Amino acid sequence: MLDTFKNLTELLQYFKDEATCREYLAQKRWGGKPTCPYCKHDKVYNIENGKRYKCANPKCYKKFSVTVNSIFEDTNISLQKWFTAIYLCTSHKKGISSIQLAKDIGVSQKTAWHLEHRIREMLKVKEPIVLKGTVEADETYVGGKESNKHKHKRVTKAGTAGKIAMLGLVERGGKVYAQRIVSPSKEFIAPVLTKYIEFGSNLHTDEWSAYTEVGEKHYKHATVKHKLKIYVDGDVTTNTIEGFWAILKRGLYGIYHYASAKHIDRYLDEFCARYNTRKLGEVERFDHFLEKCSDTTLTWDRLVNTPLQLY
Numbered sequence: 303m304l305d306t307f308k309n310l311t312e313l314l315q316y317f318k319d320e321a322t323c324r325e326y327l328a329q330k331r332w333g334g335k336p337t338c339p340y341c342k343h344d345k346v347y348n349i350e351n352g353k354r355y356k357c358a359n360p361k362c363y364k365k366f367s368v369t370v371n372s373i374f375e376d377t378n379i380s381l382q383k384w385f386t387a388i389y390l391c392t393s394h395k396k397g398i399s400s401i402q403l404a405k406d407i408g409v410s411q412k413t414a415w416h417l418e419h420r421i422r423e424m425l426k427v428k429e430p431i432v433l434k435g436t437v438e439a440d441e442t443y444v445g446g447k448e449s450n451k452h453k454h455k456r457v458t459k460a461g462t463a464g465k466i467a468m469l470g471l472v473e474r475g476g477k478v479y480a481q482r483i484v485s486p487s488k489e490f491i492a493p494v495l496t497k498y499i500e501f502g503s504n505l506h507t508d509e510w511s512a513y514t515e516v517g518e519k520h521y522k523h524a525t526v527k528h529k530l531k532i533y534v535d536g537d538v539t540t541n542t543i544e545g546f547w548a549i550l551k552r553g554l555y556g557i558y559h560y561a562s563a564k565h566i567d568r569y570l571d572e573f574c575a576r577y578n579t580r581k582l583g584e585v586e587r588f589d590h591f592l593e594k595c596s597d598t599t600l601t602w603d604r605l606v607n608t609p610l611q612l613y
């Protein structure tokens, strides 16, 4: 496949107007054969000079645009700005803040923040993930130091209280999966391991006891003794997943500065998506994500008013 763009300048030149953007999006959504988003009928009429379609099904006859039932639904932002935002969010290794994105594409910070979360919703993996072979697992925390917080917000003077716990799994040479967990105890770690790692795989962890029982029961479990400052023991290491955590934390602390427990899973989806497409070229990655735009919506009300989900 020939690259249509290799950088931001070329992307803006390629998507020079809304007609080009609509045609490109229709090709990626429907493979050149528009389908009614309401009744799934595969015969539609092109109307309004390509801006909209009309379903040919006599029981439907509804009109729709290429953005209906997608991440772009009901948007007042041009597709060119959307495509620019998608490119920036997925190509910058540590992400881009809503303040910077707002400046880059010419929208308000509030609009850019909502837009980024809608993109993260699109980046979420919808198909089941099964990691196998050699899989590394590790837990970590994010959150500010208690000593830096106002007194009325402090939970404790030390430790991990008040921080967000997360669990990450990475297939050696393959994909990564990460999610927020209530705490790094066996109760919350074991179900994630058994759901996302194929039984019989090699499981590499540190010596944290929460991995022991499930590791010995379902996997070929091996550990590295971090307390003894042993980080590699032959083939056994957790350096890959710790490298992912390093990128995540540099992004959260250096770019976003803060992510609440309510929204942290979407940030994890973003960082996982970039990691899992690290071997793709610019156009391949852009197309890969754009093809996932259907059946994905995130209204402002759902974004801000959905309560924190406890696993």
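Heads up: the sequence shown begins at 303 in our numbering, then just goes up one per residue. Quick reminder that beta carbons are idealized off the backbone N, C-alpha and C, glycines included. Keep in mind that this is a model prediction, so the values were computed, not measured.
Between Lys477 and Tyr577, the C-beta gap is smaller than 9 Å, which places the two residues in contact.
Taking a C-beta distance under 9 Å as the contact criterion, Thr392 and Thr599 do not qualify as a contact pair.
Straight-line measurement puts the Cα of Val368 at about 14 Å from the Cα of Asp344.
Remark: fewer than three beta-carbon pairs, one from each stretch, lie closer than 8 Å, so the stretch 316-324 and the stretch 334-342 are not flagged as touching.
Shown here for Val516: same chain residues with a beta carbon closer than 8 Å to its own, the five before and five after excluded, namely Lys488, Ile491, Ala492, Leu495, Thr496 in chain order.
Taking a C-beta distance under 9 Å as the contact criterion, Tyr355 and Asn348 qualify as a contact pair. Counting C-beta atoms within 10 angstroms of its own C-beta, Gly475 has fewer than 16 neighbours from the protein chains shown and is therefore classed as exposed.
Ranked by how close their Cα comes to the Cα of Ala563, the residues Asn309, Asp406, Ala467, Ile532 have Ala467 in first place. Taken through DSSP and simplified to helix, strand or coil, Ile431 comes out as coil. In the assembly as shown, Thr601 is an exposed residue. Its beta-carbon has fewer than 16 other beta-carbons within 10 Å. Our two residues, Ala328 and Asp535, have alpha carbons roughly 51 Å apart in a direct line. Distance from the CA atom of Thr413 to the CA atom of Ala404, rounded to whole angstroms, is 8 Å. Taking C-beta atoms as the reference points, Thr540 and His590 fail to come closer than 9 Å. Within the same chain, His506, Ala524, Thr525, Val526 come within 8 Å of Val538 by CB-CB distance, once the 5 residues on both sides are set aside. Bounds of the beta strand (DSSP E) holding Gly470 are 466-473. At a cut-off of 3 residues, the continuous stretches assigned as beta strand (DSSP E) that sit fully inside the stretch 461-541 are 466-473, 478-483, 504-508, 522-526. Counting the other Cβ atoms within 10 Å of the Cβ of Gly502 gives fewer than 16, which makes it exposed. Look at Ala439 here: in three-state DSSP terms it is strand.
Annotation: Glu429 to Lys531 spans about 38 Å, alpha carbon to alpha carbon. The alpha-carbon separation between Leu469 and Tyr363 amounts to approximately 48 Å. In terms of Cβ geometry, Ile549 and Lys434 do not form a close pair [threshold 9 Å].
A Cβ-Cβ distance of about 13 Å is found for the pair Ile407 and Thr377, leaving them out of contact under the 8 Å criterion. Taking Leu417 as the centre and dropping the five residues before and after it, the same chain places the C-beta of Ala387 closer than 6 Å to its C-beta, in chain order. Going by beta carbons, Lys353 and Arg331 fall outside the 9 Å limit. Look at Val368 here: in three-state DSSP terms it is coil, with no helix or strand label. Where Cys595 is concerned, there is no enclosing alpha helix (DSSP H), because DSSP gives it neither an H nor an E.
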